[in-house]
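Mapping to the numbering used here: the sequence shown position 166 is 166, numbers consecutive.
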Amino acid sequence: MPRALISGISGQDGSYLAESLLREGHEVHGLVRRSSLEVPHVKMSRISTVMDQLTLHPCSLESQTALLEVVREIKPDYLYHLGAQSFVSYEIDQEYATLDTNLGSTHALLSAVMRFAPHCRFYFAASSEMFGHAETSPQNESTPFNPRSVYGISKLAGFHICKSFRENEDIFACSGILYNHESPRRGKEYVTQKIISQAVAIHRGHSNVIKLGNLDARRDWGHAKDYVEAMRKITEFDKPDDFVVASGRTHSVREFCEKAFSLLDLDFEDFFECDPRFFRPSEKTPLCGDATKAHEELDWAPTHDLDTIIEEMMDCELERTASFTN
Ligand code: GDP
1 MPRALISGIS GQDGSYLAES LLREGHEVHG LVRRSSLEVP HVKMSRISTV MDQLTLHPCS
61 LESQTALLEV VREIKPDYLY HLGAQSFVSY EIDQEYATLD TNLGSTHALL SAVMRFAPHC
121 RFYFAASSEM FGHAETSPQN ESTPFNPRSV YGISKLAGFH ICKSFRENED IFACSGILYN
181 HESPRRGKEY VTQKIISQAV AIHRGHSNVI KLGNLDARRD WGHAKDYVEA MRKITEFDKP
241 DDFVVASGRT HSVREFCEKA FSLLDLDFED FFECDPRFFR PSEKTPLCGD ATKAHEELDW
301 APTHDLDTII EEMMDCELER TASFTN
């Protein structure tokens, strides 16, 4: 039975990946913060239905010795490193933790693999944020990186560490350069889930306003379930390599809002209030991914478009909040 270890198992991607690996007969281990184990109903809700089939290890990404120890103990066949400080900030002088944690954990896990499980296939969750102010659109694996956020810089460093373990140490280390991917399990700090939950709150009469930043911002949005399947194809491919994983289409925040509100027979413009707090530094080129390489080499293609993503998120939010209505 193949043994997989997932960092970030309780997050959106980790939870879908764990379910997919369990379906395919893997033994699945996950790294979780000790503090999360103390409040499982809050922090582990995404994996609650499969919890009894998982082996969870309390281990923080900040502790490089603990990471080394877990890999030494489990000797995984697959290691999916999805955990990270994921806050997208542009304040480089305030973001030591993002840089330290994301860089240090990737380095420690790869070193551990080299020492204790050199056969392991290592997946690194890279990000479209690495392209930052990209010179061209759409971006593919040959597009120069130009990160602007601290998160993007930390992911780019992790990407290069991965590449160096692959090229210098012969480790099967690969990266998926994933564009935004959403689902009902997305956190409320992201604009998609914020729009869905606000739309439902307005529909239920619990609110009458939605405050957002730049409605013209565009994103290449896909479904997390599709992107998790891409991760599996990347690690099961015959050679380690890096792949862009994207839908190849961008939509604006405004389009997302209009589609979501119209599902509830509401006109988004009646409730929208512009809030400068939610504006980001200017985004020169919209990030749009060209996943031709993943299509051709991995036979991967997304199975959800934006409409089906919004419908699924909306259905889940309506169901989740049904019991709160009077
Ligand atoms: P990310 O920035 O790609 O990690 O994803 P987000 O979902 O946080 O943001 C997507 C886009 O929505 C960005 O271009 C934001 O500028 C834009 N946006 C507009 N209003 C909001 C808002 O109220 N919250 C967030 N998170 N993003 C917003």
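The beta-carbon is built from N, C-alpha and C at its ideal position, and this holds for glycine as well.
Could you check whether the segment 186-200 touches the segment 254-264, counting it as contact only if at least three pairs of C-beta atoms, one from each stretch, sit closer than 8 Å? By the Cβ rule, the segment 186-200 counts as touching the segment 254-264, because three or more pairs are nearer than 8 Å.
Can you tell me the Cβ-Cβ gap for residue 218 and residue 251, rounded? I've got them flagged as a contact below 8 Å. About 7 Å separates the two Cβ atoms, so the contact holds.
Based on the DSSP output, what are the partners of residue 175 in its beta bridges? In the DSSP assignment, the residues bridged to residue 175 are 124, 242.
Nearest-angstrom Cα distance between residue 240 and residue 95? Roughly 31 Å separates the two Cα atoms.
Reference residue 202; option with closest CA among 272, 290, 151, 17: Looking at 272, 290, 151, 17, the one whose alpha-carbon comes closest to that of residue 202 is 272.
Can you grab the Cα-Cα spacing for the pair residue 237 / residue 204, in whole Å? Between the C-alpha atoms of residue 237 and residue 204 there is a straight-line separation of about 47 Å.
Just how far apart, CA to CA, sit residue 295 and residue 108? One C-alpha to the other measures close to 32 Å.
DSSP three-state assignment for residue 327, whether helix, strand or coil: Given that the chain is displayed from residue 1 to residue 326, the structure contains no residue 327 and the question cannot be resolved.
Since residue 125 and residue 81 are thought to touch, with beta carbons under 8 Å apart, how far apart are those beta carbons, to the nearest angstrom? Contact flag correct, Cβ pair sits at about 6 Å.
DSSP beta-bridge partners for residue 211? Per DSSP, 273.
Taking residue 28 as part of the alpha helix (DSSP H), name the residues at either end of that continuous run. Looking at the DSSP string, residue 28 is not in any alpha helix (DSSP H); the run it does join, the beta strand (DSSP E), is 27-32.
Answer yes or no: do residue 140 and residue 228 have a C-beta to C-beta separation smaller than 8 Å? It is not a contact, given that the beta carbons lie outside the stated cut-off.
Residue 190 Cβ short of 7 Å to the ligand GDP heavy atom set: Yes - the ligand GDP has a heavy atom lying nearer than 7 Å to the Cβ of residue 190.
Using a 10 Å radius around the Cβ and a threshold of 16 neighbouring Cβ atoms, would you call residue 304 buried or exposed? Taking all protein chains in view, the Cβ of residue 304 is crowded by 16 or more other Cβ atoms within 10 Å, so the residue is classified as buried.
Looking at residue 259 and the ligand GDP, is the gap between the Cβ and the nearest heavy atom below 7 Å? Not so, every heavy atom of the ligand GDP lies at least 7 Å from the Cβ.
Could you tell me if the beta carbon of residue 155 falls within a distance shorter than 7 Å of some heavy atom in the ligand GDP? Incorrect: residue 155 has no Cβ contact closer than 7 Å to the ligand GDP.
How about residue 224 and residue 12: do their beta carbons lie closer than 8 Å? For residue 224 and residue 12, yes; Cβs fall inside 8 Å.
Do the segment 43-60 and the segment 17-34 touch if we need at least three Cβ pairs shorter than 8 Å? Counting Cβ pairs under 8 Å, three or more are found: they touch.
DSSP beta-bridge partners of residue 197: According to DSSP, residue 197 bridges with nothing at all.
Which whole runs of the beta strand (DSSP E) in the segment 88-170 are 3 residues long or more, in chain order? Correct list: 121-127.
Per DSSP, what kind of secondary structure is residue 189 in: helix, strand or coil? Looking at residue 189 - three-state DSSP - the assignment turns out to be coil, as it is neither helix nor strand.
Can you find the residues in the same chain that come closer than 7 Å, C-beta to C-beta, to residue 143, ignoring five residues on each side of it along the sequence? Same-chain partners within the cutoff: 131, 134, 136.
Which of helix, strand or coil DSSP assigns to residue 341: The structure shown has nothing for residue 341, since the chain only spans 1 to 326.
Which stretch, first to last residue, makes up the alpha helix (DSSP H) that contains residue 74? Start and end: 64-74.
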